[in-house]
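Trainee: Structure provided below as structure tokens; questions to follow.
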Amino acid sequence: MTLRRTPTLSVIIPNWNCAPWLPETMDSLLRQSSPADEIIVIDDGSQDDSVAWLNAFAAQHPQVTLLSGERGGVSAARMKGLAAATGDFVYFMDADDFVSADLFADFRRVQARHADLDLFCFGAKMFFDVPAPQRQYQTIHQRHVSGLLPGGSATLRTLMQHQSAHRVVWSSIISRRLIDTLQLAFLPIQNHEDAPFMFALYMQARSLYCTSQSYYYKRFMLTSLSQSTRDFSWIKNYFIARGSSEQFLRDRQLPLDEALLDDYYQTVMHGCLTQIRTHRIAVPEEWQPQVTRLVRKVLQQSARLKLLWYCPPVYRGLQACRNRIGRYSARR
């Protein structure tokens, strides 16, 4: 009887000026009840004490590798880490977050039962960047579908119907075989770069396993690049990401399903209109036709956004009233 080889796991972490949070991040990986085989940290041109701290940490822990380079953005850093990784599965996480101690053990138990598993999908909790004793963890990116599912558009629709088709890579452990087969790469953009990557994985996975368990702890900071972008790049990057998913379908000779793409990118589409109105973002002339089509599509779907688009002062007033009523109800 031939025993099946236990698959190996690589963790890939881009770092840019995350020195204050690295100890908690790395400690969560060292405390795993079933540790990763390798941890690859890619420093993306940090100007704080990150590199010094990571060099000292790697010297004490042989499973940790530090790669350093000039500032190139999160996508380039992830691809650099992927090129160096040797694991059968990879897990991308952020340098300022942490994971629960049983994440990798639970993944390995599921993978041992399902040899064709390509994605292990889970939820997260968010916390504000305050000292640990003061934190209150709020469930986000929950998976409301549980169990083993085949990849493909039918499963993706099921996940979307249950608000479980998350577009962020830190919500899944991923088969390296699938990444290499699809020749996937992260887009060189700052926002939404995960979305087409995950779309391709959902569509082409042999099987994926979803659990309602929250293993990831997401630190919320208003100063992060994803939260602080207040120019047209946030909107432009949606069109780039959406176009990448459309091209993926063409390349794989799959139907160019507009409804599927609309559902998958719905939150981002709504966010584009909200960003434009809330921050009074000017739309460059060359992008106005695309934005006009987006506005028409989204306003047909959402009365709330129609009010925001055409009557921003009324919308803001109603939102303020809603917030006051919410605070009053909470005190009763």
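Sequence positions in the sequence shown follow full-length UniProt numbering and run 1 to 332. Think of the CB as a built atom: it goes at the ideal place given N, C-alpha and C, for glycine as much as any other residue.
Alpha carbon to alpha carbon, what distance is there between Q253 and Q266?
Mentor: Numbered from its first residue, the sequence shown carries residue 266 at position 266. Numbered from its first residue, the sequence shown carries residue 253 at position 253. If you take the alpha carbons of Q266 and Q253, they lie about 23 angstroms apart.
Trainee: I need the DSSP call for L22, collapsed to helix, strand or coil.
Mentor: Against the sequence shown, residue 22 aligns to sequence position 22. Residue state, collapsed to three classes: helix.
Trainee: Under DSSP, the alpha helix (DSSP H) around A195 begins and ends at which residues?
Mentor: Stepping through the sequence shown from its first residue, residue 195 is reached at position 195. That run of the alpha helix (DSSP H) goes D194 to Q204.
Trainee: Roughly how many angstroms separate the alpha carbons of N17 and Q47, rounded to a whole number?
Mentor: Here residue 17 is taken as the residue at index 17 of the sequence shown, counted from 1. Here residue 47 is taken as the residue at index 47 of the sequence shown, counted from 1. Near 6 angstroms, if we compare the C-alpha coordinates of Q47 and N17.
Trainee: Under 8 angstroms: do the segment 132–152 and the segment 202–219 share three or more Cβ pairs, one atom per stretch?
Mentor: Contact holds: three or more Cβ-Cβ distances are below 8 angstroms.
Trainee: Locate the beta strand (DSSP E) running through C210, then write down its first and last residues.
Mentor: The sequence position of residue 210 within the sequence shown is 210, counting from 1. First-last of the beta strand (DSSP E) with C210: S207 to F220.
Trainee: DSSP state of Y137, grouped into three classes?
Mentor: For the purposes of this step, residue 137 is taken as residue 137 along the sequence shown, with counting starting at 1. The answer is coil: DSSP assigns Y137 none of H, G, I, E or B.
Trainee: With burial defined as no fewer than 16 other Cβ atoms inside 10 Å of the residue's Cβ, what is the status of K218: buried or exposed?
Mentor: By 1-based counting over the sequence shown, the position of residue 218 is 218. Answer is buried; the Cβ neighbour count reaches 16.
Trainee: Could you give the C-beta distance for I39 and V64, rounded to a whole number, given that I count them as a contact under 8 angstroms?
Mentor: Indexing the sequence shown from 1 puts residue 39 at position 39. Indexing the sequence shown from 1 puts residue 64 at position 64. The pair is a contact, with the Cβ atoms about 5 angstroms apart (cut-off 8 angstroms).
Trainee: Out of F186, R78 and P20, which has the shortest C-alpha to C-alpha gap to S50?
Mentor: Walking along the sequence shown from the start, residue 50 turns up at place 50. Minimum Cα distance to S50 is reached at P20.
Trainee: Inspect the CB distances between the segment 129–140 and the segment 55–64 and report whether three or more fall short of 8 angstroms.
Mentor: No: fewer than three Cβ pairs fall under 8 angstroms.
Trainee: Restricting to Cα atoms, I'd like to know which of M26, A83, Q275 and E258 is closest to Q60.
Mentor: As a working mapping, residue 60 is identified with position 60 in the sequence shown. Nearest C-alpha to Q60: M26.
Trainee: In terms of residues, what are the limits of the alpha helix (DSSP H) holding P7?
Mentor: The residue you call residue 7 lines up with position 7 of the sequence shown. No alpha helix (DSSP H) contains P7, which DSSP labels as neither H nor E.
Trainee: Taking the Cβ atom as the reference point for each residue, do S33 and A84 lie within a distance shorter than 8 angstroms?
Mentor: Working through the sequence shown from its first residue, we reach residue 33 at position 33. Working through the sequence shown from its first residue, we reach residue 84 at position 84. No, they are not a contact pair.
Trainee: Measure the C-alpha to C-alpha separation of A205 and Q190 and round it to an integer number of angstroms.
Mentor: Here residue 205 refers to the residue found at position 205 of the sequence shown. Here residue 190 refers to the residue found at position 190 of the sequence shown. Roughly 26 angstroms separates the two Cα atoms.
Trainee: For the alpha helix (DSSP H) that L184 lies in, which residues bound it at each end?
Mentor: Taking the first residue of the sequence shown as position 1, residue 184 is located at position 184. Unbroken run through L184: none, as it is neither H nor E.
Trainee: Since I believe D118 is in contact with L178 (beta carbons under 8 angstroms), could you give me their beta-carbon distance rounded to a whole number of angstroms?
Mentor: What you label residue 178 is simply residue 178 of the sequence shown in a count that begins at 1. What you label residue 118 is simply residue 118 of the sequence shown in a count that begins at 1. At roughly 5 angstroms, the Cβ-Cβ gap stays under 8 angstroms, so L178 and D118 are in contact.
Trainee: Taking the beta strand (DSSP E) that D43 falls in, what are its first and last residues?
Mentor: To locate residue 43, count along the sequence shown from 1; it is residue 43. It spans E38 to D44 - the beta strand (DSSP E) in which D43 sits, taken as one unbroken run.
Trainee: Just curious, the alpha helix (DSSP H) that residue 406 is in, first and last residue?
Mentor: The structure shown does not extend to residue 406, since the chain spans only 1 to 332, so no value can be given for it.
Trainee: What is the residue span of the beta strand (DSSP E) that F128 lies within?
Mentor: As a working mapping, residue 128 is identified with position 128 in the sequence shown. Start and end: L117 to F128.
Trainee: Going by C-alpha to C-alpha distance, which of C272, G271, R230 and M198 sits closest to S244?
Mentor: Residue 244 sits at position 244 when you count from the first residue of the sequence shown. Ranking C272, G271, R230 and M198 by Cα distance to S244 puts M198 first.
Trainee: Mapping DSSP to helix, strand and coil, what is V99?
Mentor: Within the sequence shown, the letter at position 99 stands for residue 99. It is a strand residue.
Trainee: Excluding five sequence neighbours on each side, which residues of the same chain lie with their C-beta closer than 8 angstroms to the C-beta of L67?
Mentor: Locating residue 67 in the sequence shown gives position 67, where the first residue counts as 1. Counting only Cβ-Cβ distances below 8 angstroms, and skipping sequence neighbours, we find I40, V41, I42, D43, K80, G81 and A84.
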